[in-house]
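Visitor: Numbering (the UniProt record's numbering), first residue to last: 2 to 477. Don't be surprised by glycine CBs; every beta carbon is placed ideally from N, CA and C. Because the structure is a prediction, the values reported are computed rather than measured. The following block contains the structure, expressed as structure tokens.
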Ligand code: FRU
């Protein structure tokens with residue numbers, strides 16, 4: 002398929018059913034599908050949206066273009082779960098089918114209000130000259146999971162002084178007031194985060210302030226900002242596109258960063274003593290993470306494992322990308338920690354007693370202080386994925402260069418992260434055929450990435466490390 006603009010933005014009802022059938026056929030033959038990670042039924046999955054708990058279930062939506070592995074006319078696909086581990090895909094729930102979202106139902110969030118789930122998202126509208134006119138749209142979902150859009154946008158146009166890069170609303174509530182946190186670009190082409198406020202979710206919404214979370218320059222655009230609170234400390238998780246590498250040392254095409262404040266001033270939306278910027282993930286593929294404060298008291302997040310503008314090996318099979326496991330966020334000693342939610346225990350089956358593991362496995366790794374250790378996953382076709390631990394110098398390197406089909410090589414094929422020197426290192430690796438998530442020292446550092454093996458059988462090899470491998474359930 003040659004993906005012209007016309008084809009990418011073709012209304013869904015003009016696609017023949019055969020397009021989806023062809024992709025489904027290719028997927029049925031694929032060796033690269035995932036066993037326990039969220040993946041698209043067909044086509045492209047990008048940002049997580051509307052992550053929430055409503056009507057006794059977890060809800061999560063994904064940005065979807067179902068007709069191919071490209072960014073086209075986006076809709077929201079609806080997933081539900083009782084345990085944050087097993088997800089049911091209910092299909093598309095928000096189509097780009099009104100004048101306020103004619104070129105895409107872009108990213109957004111959700112909050113429970115008046116026994117309904119109130120959704121806010123960006124309507125991507127383009128005029129005849131293909132100029133953007135972003136609208137922030139409201140919609141309500143009832144207990145039957147039926148969604149009704151509100152016809153008048155909550156925020157109809159970018160604020161004066163800002164460009165048409167104005168999107169990705171996160172709705173939050175505090176002290177009986179509602180706030181929308183929004184990614185924006187000033188006319189001088191700098192990235193910012195704006196705050197709107199209202200007394201009711203339906204509005205009227207008015208501009209309050211910029212969010213003050215750093216004194217640094219944030220590049221040319223901030224996508225997908227999320228403000229969450231952990232023990233009353235504010236955490237902003239966001240994607241500052243084009244940010245200088247002197248401010249944030251990142252290696253992917255675009256970064257997903259975070260900042261923690263010591264405390265938060267709600268009157269001025271200011272982080273008091275903000276930390277410097279950190280990468281949320283030191284791996285290859287994490288972007289557009291969505292986080293929210295769940296009613297059970299946890300701060301939860303899900304990451305898109307995929308990046309804009311990068312070709313992935315599954316493109317030829319008509320699908321692309323997946324999500325991370327749901328992770329719980331904590332703060333310890335001023336640092337953000339991420340670990341898969343405890344519910345993931347349910348995936349554990351038996352311990353492996355030989356080197357052979359399965360495509361769905363979890364490795365628990367211990368490396369004593371003052372040691373050089375390696376842990377590798379090797380396949381029957383000699384794919385090699387290698388993790389090197391230097392606990393004396395506190396350096397961990399993940400290398401995917403020799404594992405199956407290479408991609409995104411321009412951005413490097415290994416990643417380094419650092420921890421305290423001269424200490425034992427513990428790590429947990431979740432491996433799921435074409436994705437890995439490595440959680441180091443209880444989630445102090447995380448390295449995530451895709452891997453596309455040529456082989457189908459997998460073995461663990463380790464030197465100087467103590468490794469326990471556990472088979473995980475294949476639930477997809
Ligand atoms: C980030 C993003 C968002 C936008 C969405 C469109 O990956 O570009 O800014 O809302 O994807 O799918």
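Please classify residue 344: does DSSP put it in a helix, a strand, or coil?
Guide: Along the chain shown, one-based indexing puts residue 344 at 343. Note: residue 344 maps to helix in three-state DSSP.
Visitor: Going by Cα to Cα distance, which pick from 328, 334, 196 and 100 is closest to residue 263?
Guide: Along the chain shown, read from residue 1 onward, the residue named residue 263 stands at position 262. The candidate whose alpha carbon is nearest that of residue 263 is 334.
Visitor: Assuming the contact rule is C-beta atoms closer than 8 Å, residue 404 and residue 385 should be a hit. Round their C-beta distance to whole Å, please.
Guide: Taking the first residue of the chain shown as 1, we reach residue 404 at position 403. Taking the first residue of the chain shown as 1, we reach residue 385 at position 384. Rounded, the Cβ-Cβ distance is 6 Å, consistent with contact.
Visitor: Check residue 245 in the structure and name its three-state DSSP category.
Guide: Position 244 of the chain shown, counted from the start, is the residue given in the question as residue 245. Residue 245 falls in the coil class under three-state DSSP.
Visitor: Output the distance between the C-alpha atoms of residue 462 and residue 321, rounded to the nearest integer angstrom.
Guide: Reading the chain shown from its first residue, position 461 is the one you call residue 462. Reading the chain shown from its first residue, position 320 is the one you call residue 321. Whole-angstrom Cα-Cα distance: 30 Å.
Visitor: Within this structure, are the beta carbons of residue 2 and residue 24 separated by less than 8 Å?
Guide: If you number the chain shown from 1, residue 2 lands on position 1. If you number the chain shown from 1, residue 24 lands on position 23. Not in contact: residue 2 and residue 24 (Cβ atoms no closer than 8 Å).
Visitor: Taking all protein chains shown into account, decide if residue 273 is buried (16 or more other Cβ within 10 angstroms of its Cβ) or exposed.
Guide: Sequence index remark: in the chain shown, residue 273 carries index 272 (1-based). So residue 273 counts as exposed.
Visitor: Give me the residue from 68, 201, 46 and 314 with the minimum Cα distance to residue 18.
Guide: Walking along the chain shown from the start, residue 18 turns up at place 17. Ranking the options by Cα distance to residue 18, first place goes to 68.
Visitor: Out of 383, 207, 382 and 377, which has the shortest C-alpha to C-alpha gap to residue 390?
Guide: Here residue 390 refers to the residue found at position 389 when the chain shown is read from its first residue. Minimum Cα distance to residue 390 is reached at 377.
Visitor: Is the closest heavy atom of ligand 1 to the C-beta of residue 324 under 7 Å?
Guide: Along the chain shown, one-based indexing puts residue 324 at 323. Every heavy atom of ligand 1 is 7 Å or more from the Cβ of residue 324, so no.
Visitor: Taking only runs of the beta strand (DSSP E) that begin and end inside the region 163-192, which ones reach a length of at least 3 residues, in chain order?
Guide: Qualifying beta strand (DSSP E) stretches, in chain order: 163-175 and 178-187.
Visitor: With burial defined as no fewer than 16 other Cβ atoms inside 10 Å of the residue's Cβ, what is the status of residue 4: buried or exposed?
Guide: Along the chain shown, one-based indexing puts residue 4 at 3. Residue 4 is exposed by the Cβ-count criterion.
Visitor: Drop a sphere of 10 angstroms on the beta-carbon of residue 410, count the other beta-carbons inside from all chains shown, and report buried for 16 or more, exposed for fewer.
Guide: In the chain shown, residue 410 corresponds to position 409, counting from 1. Burial call: exposed.
Visitor: Which residue comes first and which comes last in the beta strand (DSSP E) that contains residue 389?
Guide: Position 388 of the chain shown, counting from 1, holds the residue named residue 389. Run containing residue 389: 385-391, per the beta strand (DSSP E) assignment.
Visitor: Output needed for residue 465: all residues of its chain with C-beta closer than 6 Å, excluding positions within five of it in sequence on either side, in chain order.
Guide: Position 464 of the chain shown, counted from the start, is the residue given in the question as residue 465. The residues are 372 and 374.
Visitor: Can we count residue 108 as close to ligand 1, meaning its CB is less than 7 Å from some heavy atom?
Guide: Counted from its first residue, the chain shown places residue 108 at position 107. Yes, ligand 1 has a heavy atom inside 7 Å of this Cβ.
Visitor: How close, in whole Å, do the beta carbons of residue 1 and residue 161 come, if the pair is a contact with beta carbons under 8 Å?
Guide: Coverage of the chain is limited to positions 2 through 477, which leaves residue 1 absent and any answer about it impossible.
Visitor: Taking residue 444 as the reference, give the member of 336, 415, 469 and 353 with the closest Cα.
Guide: For the purposes of this step, residue 444 is taken as the residue at position 443 of the chain shown. The candidate whose alpha carbon is nearest that of residue 444 is 336.
Visitor: Rounding to the nearest angstrom, what Cα-Cα distance links residue 512 and residue 314 in this structure?
Guide: There is simply no residue 512 to check, as the chain begins at 2 and stops at 477 in what is shown.
Visitor: Confirm the yes/no value for this check: CB of residue 47, any heavy atom of ligand 1, distance under 7 Å.
Guide: If you number the chain shown from 1, residue 47 lands on position 46. Yes.
Visitor: For residue 422, count neighbouring C-beta atoms within 10 Å of its own C-beta (all shown protein chains included) and say buried if the count is 16 or more, exposed if not.
Guide: If you number the chain shown from 1, residue 422 lands on position 421. Classification of residue 422: exposed, given that the 10 Å Cβ count is below 16.
Visitor: If you drop the 5 nearest sequence neighbours on each side, which residues of the same chain put their C-beta closer than 8 Å to that of residue 289?
Guide: In the chain shown, residue 289 corresponds to position 288, counting from 1. Closer than 8 Å at the Cβ level, and outside the excluded window around residue 289, lie 47, 48, 49, 108, 224, 225, 240, 257, 304 and 305.
Visitor: With burial defined as no fewer than 16 other Cβ atoms inside 10 Å of the residue's Cβ, what is the status of residue 178: buried or exposed?
Guide: Position 177 of the chain shown, counted from the first residue, corresponds to residue 178. Its Cβ having fewer than 16 others within 10 Å, residue 178 is exposed.
Visitor: Can the beta-carbon of residue 86 be found less than 8 Å from the beta-carbon of residue 348?
Guide: What you label residue 86 is simply residue 85 of the chain shown in a count that begins at 1. What you label residue 348 is simply residue 347 of the chain shown in a count that begins at 1. Contact flag set, yes.
Visitor: Note down, in chain order, each residue of its chain lying with its Cβ closer than 6 Å to the Cβ of residue 222, except the 5 sequence neighbours on either side.
Guide: Walking along the chain shown from the start, residue 222 turns up at place 221. The residues are 166, 186, 192 and 242.
Visitor: Can you give, in chain order, each stretch of the beta strand (DSSP E) that sits fully within the region 90-153 and has at least 3 residues?
Guide: Here the runs fully enclosed are 106-114, 117-124, 136-142 and 148-150.
Visitor: Kindly indicate which three-state DSSP category residue 73 falls into: helix, strand or coil?
Guide: Taking the first residue of the chain shown as 1, we reach residue 73 at position 72. Coil, per DSSP.
Visitor: DSSP beta-bridge partners for residue 44?
Guide: For the purposes of this step, residue 44 is taken as the residue at position 43 of the chain shown. Answer is 320.
Visitor: Using 8 Å for Cβ pairs, my map puts residue 77 next to residue 51. What's the rounded Cβ distance?
Guide: Along the chain shown, read from residue 1 onward, the residue named residue 77 stands at position 76. Along the chain shown, read from residue 1 onward, the residue named residue 51 stands at position 50. About 7 Å; that satisfies the 8 Å criterion.
Visitor: Taking all protein chains shown into account, do 16 or more other C-beta atoms lie within 10 angstroms of the C-beta of residue 129, making it buried, or fewer, making it exposed?
Guide: Taking the chain shown and counting its residues from 1, one reaches residue 129 at position 128. By the 10 Å Cβ count, residue 129 comes out exposed.
Visitor: How long is the line joining the alpha carbons of residue 235 and residue 428, rounded to whole angstroms?
Guide: As a position in the chain shown, residue 235 is number 234, starting the count at 1. As a position in the chain shown, residue 428 is number 427, starting the count at 1. Whole-angstrom Cα-Cα distance: 27 Å.
Visitor: Identify the continuous alpha helix (DSSP H) that holds residue 23 and give its terminal residues.
Guide: To locate residue 23, count along the chain shown from 1; it is residue 22. Start and end: 18-29.
Visitor: For the beta strand (DSSP E) that residue 328 lies in, which residues bound it at each end?
Guide: On the chain shown, position 327 is the one that residue 328 refers to. 328-333 is the span of the beta strand (DSSP E), which, as asked, contains residue 328.
Visitor: With hydrogens ignored, establish whether the beta-carbon of residue 427 is closer than 7 Å to any heavy atom of ligand 1.
Guide: Residue 427 sits at position 426 when you count from the first residue of the chain shown. Residue 427 Cβ: outside cutoff for every heavy atom of ligand 1.
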